[in-house]
Amino acid sequence: MKKTIVIILLAAFGYFMATTFLDPEFEKHRNQNGVKNGYLEKTVSELKSANTVTSIIVSFRGFDTLGEVTVLFLAASALGSVLFKKRHHVGERSILLPASSIVSTGAKLLFPAIILLGVYVFIHGHLTPGGGFQGGTIIATGFLLMLIAYRNFSISHNVLSVIESLAGILFVVIGLLGFMNGGTFLQNFMPTGSLNNLFSGGIIPIIYILVGFKVATELTGLIYTILHEKG
Amino acid sequence: MSYLVLIIGFLLLILIGAAIYAVYQRDLLYAVIATGIINLVLTALFFILQAPDVALTEAAIGVALTTIIFIITIRNTVRFEDEHDNKNQKSKPE
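The following block contains the structure:
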């Protein structure tokens, strides 16, 4: 009965969402502003970044990205403060069953490939789909696989937090360096190179590498904390 | 074009079916796997609708991390939905 009510409420919510977004008026208002064309032109002419989505996220709306990274950091530290205990039994994950040899061999085989894919995704964030968040979560997935497959696989929590803090501080420092030439926070101050090259897009690749490290270490630390929590 | 619409409609049907299954299933482990299927179908939909950035995020967070975190939670708590309520009712009189 309760579940049926939930489904009916969700269907009503979906109906109102659909009527809002499929409304012809909504479409008309959306096309009126000229921000879209400005982004598309400036991405190619000024930033020389092949991926427009990335240039909006990191450059035009870079301050929002800093906010998102902060939100993720706060969520991870809140979880850590709730679940953290003095660990007398480090390296012992009693809630998991020992993995079979197929899982542990496959994990050993896949782990470098997953890490490489994650690094590729965030280094090529300004050229191909993806970026810091996506690459970071892919790396965290690789560490999760290793933590599940090997019960004595341990990561130093201090190393994780040092990398995470360094990445966060460098993000803000690079943002502040934008003030150097009389610009604004997170303004591009580096040579942009030419379109479709790896070394192009100004500060976008650097910021995405930092975001990738930050997200990867945060999510790995989060999973590590959850796995060591004794229920 | 019509093939694309057919594929999207088929994927949406799977999505709605898995969502209803996840709500009605009392075994929470099965419900979590159904949620994983929803996220997998969403990844395919985002890719078809030309949003590969969102598809990558959905694949990494939705399919892998969320599912695993929920499975760990189920292992730490209870697996069946009514178990917790019954425990509370039994412990109240004592």
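Residue numbers (my numbering), protein chains in the order written: chain R, 1 to 231; chain Y, 1001 to 1094.
Virtual Cβ for every residue (Gly too), placed ideally from N, Cα, C.
Spatial neighbours of residue i within its chain, please: CB distance less than 8 Å, with the 5 preceding and 5 following residues excluded, ordered by chain position.
i: Y150(R); result: A99, S104, A107
i: K1092(Y); result: Residue placement at K1092(Y) is poorly supported in this model, since its pLDDT is 44, which falls under 50; the coordinates are not used for a value here.
i: I1074(Y); result: L1028, L1029, V1032
i: M180(R); result: F189
i: H88(R); result: Note that H88(R) scores a pLDDT of 49, beneath 50, so its modelled location is shaky and nothing firm can be said.
i: M17(R); result: none
i: V69(R); result: G168, F171, V211, K214, V215
i: I114(R); result: I138, I139, T141, G142, L145
i: T1067(Y); result: V1032, I1033, T1035, G1036, N1039
Please work out which residues of its chain come closer than 6 Å, Cβ to Cβ, to residue i, disregarding the five sequence neighbours upstream and downstream, and give them in chain order.
i: I226(R); result: none
i: Q1025(Y); result: A1031
i: S55(R); result: T43, L47, S49
i: T1035(Y); result: A1022
i: I57(R); result: T65
i: G118(R); result: G135, I138, I139
i: G175(R); result: F185, L186
i: T217(R); result: L160, I163, E164
Please compile the residues from chain Y whose C-beta is within a distance smaller than 9 Å of the C-beta of residue i.
i: I155(R); result: What I155(R) touches in chain Y: nothing, since even the nearest Cβ is about 16 Å away.
Which residues in the same chain as residue i place their Cβ atom closer than 7 Å to its Cβ, once the five residues preceding and following it in sequence are excluded?
i: L219(R); result: G136, T137, A140
i: G132(R); result: F122, G125, Y208, V211, G212, V215
i: L1040(Y); result: V1063
i: M146(R); result: A107, F111, F153
i: L177(R); result: F189
i: F63(R); result: F185, L186
i: E1058(Y); result: N1039, L1042, T1043, F1046
i: S194(R); result: K48, S200
i: T52(R); result: Y39, L40, T43
i: N197(R); result: none
i: R1079(Y); result: D1027, L1028, L1029
Applying a beta-carbon distance threshold of less than 8 Å, which residues of chain R neighbour residue i?
i: L1065(Y); result: T137, A140, T141, L144, L219, I223
i: I1068(Y); result: L144, I148, I223
i: I1020(Y); result: I7
What residues of chain Y sit near residue i, judged by a beta carbon separation below 7 Å?
i: I115(R); result: Chain Y residues near I115(R): none, gap ~13 Å exceeds 7 Å.
Strictly below 9 Å CB to CB, what residues from chain R border residue i?
i: I1074(Y); result: Simply none; closest approach about 10 Å.
By the criterion of Cβ-Cβ separation under 7 Å, what are the contact partners of residue i in chain R?
i: A1060(Y); result: Q134, T137, I138, T141
i: I1048(Y); result: Neighbours of I1048(Y) on chain R: none; closest Cβ ~14 Å, over 7 Å.
i: D1082(Y); result: Simply none; closest approach about 12 Å.
Residues of chain Y with CB under 8 Å from residue i, in chain order?
i: V121(R); result: L1056
i: K3(R); result: V1023, Y1024
Any C-beta of chain Y within less than 8 Å: which residues of the stretch 129-148 of chain R qualify? Answer in chain order: P129, G130, G131, F133, Q134, T137, I138, A140, T141, L144, I148.
With a cut-off of 8 Å, do at least 3 Cβ pairs link the stretch 1001-1009 of chain Y to the stretch 202-209 of chain R? Here the stretch 1001-1009 of chain Y makes no contact with the stretch 202-209 of chain R; the two share fewer than three CB pairs at distances below 8 Å.
At a Cβ cut of 7 Å, what residues of the stretch 1023-1045 of chain Y count as close to chain R, listed as they run along the chain? Listed in chain order, the positions of the stretch 1023-1045 of chain Y with a beta carbon within less than 7 Å of a beta carbon of chain R are V1023, Y1024.
Please list, in chain order, the residues of the stretch 219-230 of chain R that have any C-beta partner in chain Y closer than 9 Å. Cβ contacts with chain Y come from L219, L222, I223, I226, L227, E229, K230.
On the three-pair Cβ rule with 8 Å, is the stretch 154-174 of chain R touching the stretch 1016-1025 of chain Y? By the Cβ criterion, the stretch 154-174 of chain R is not in contact with the stretch 1016-1025 of chain Y, since fewer than three pairs of Cβ atoms, one from each stretch, lie closer than 8 Å.
The stretch 34-67 of chain R: which residues have C-beta closer than 7 Å to a C-beta of chain Y, in chain order? Cβ contacts with chain Y: V53.
Which residues of the stretch 5-18 of chain R have a Cβ closer than 9 Å to any Cβ of chain Y? Give them in chain order. Taking 9 Å as the Cβ-Cβ cut-off against chain Y, the residues of the stretch 5-18 of chain R that qualify are V6, I7, L10.
What ranges does the alpha helix (DSSP H) occupy inside the stretch 152-198 of chain R, keeping only unbroken runs of at least 4 residues that lie completely in it? Correct list: 157-177.
4 or more residues per run - each alpha helix (DSSP H) lying fully within the stretch 1038-1065 of chain Y: Runs of the alpha helix (DSSP H) lying entirely within the stretch 1038-1065 of chain Y, each at least 4 residues long, are 1052-1057 in chain order.
Could you pull out every unbroken alpha helix (DSSP H) segment of at least 4 residues lying fully inside the stretch 43-121 of chain R, listed in chain order? Counting only runs of 4 or more, we get 52-55, 62-83.
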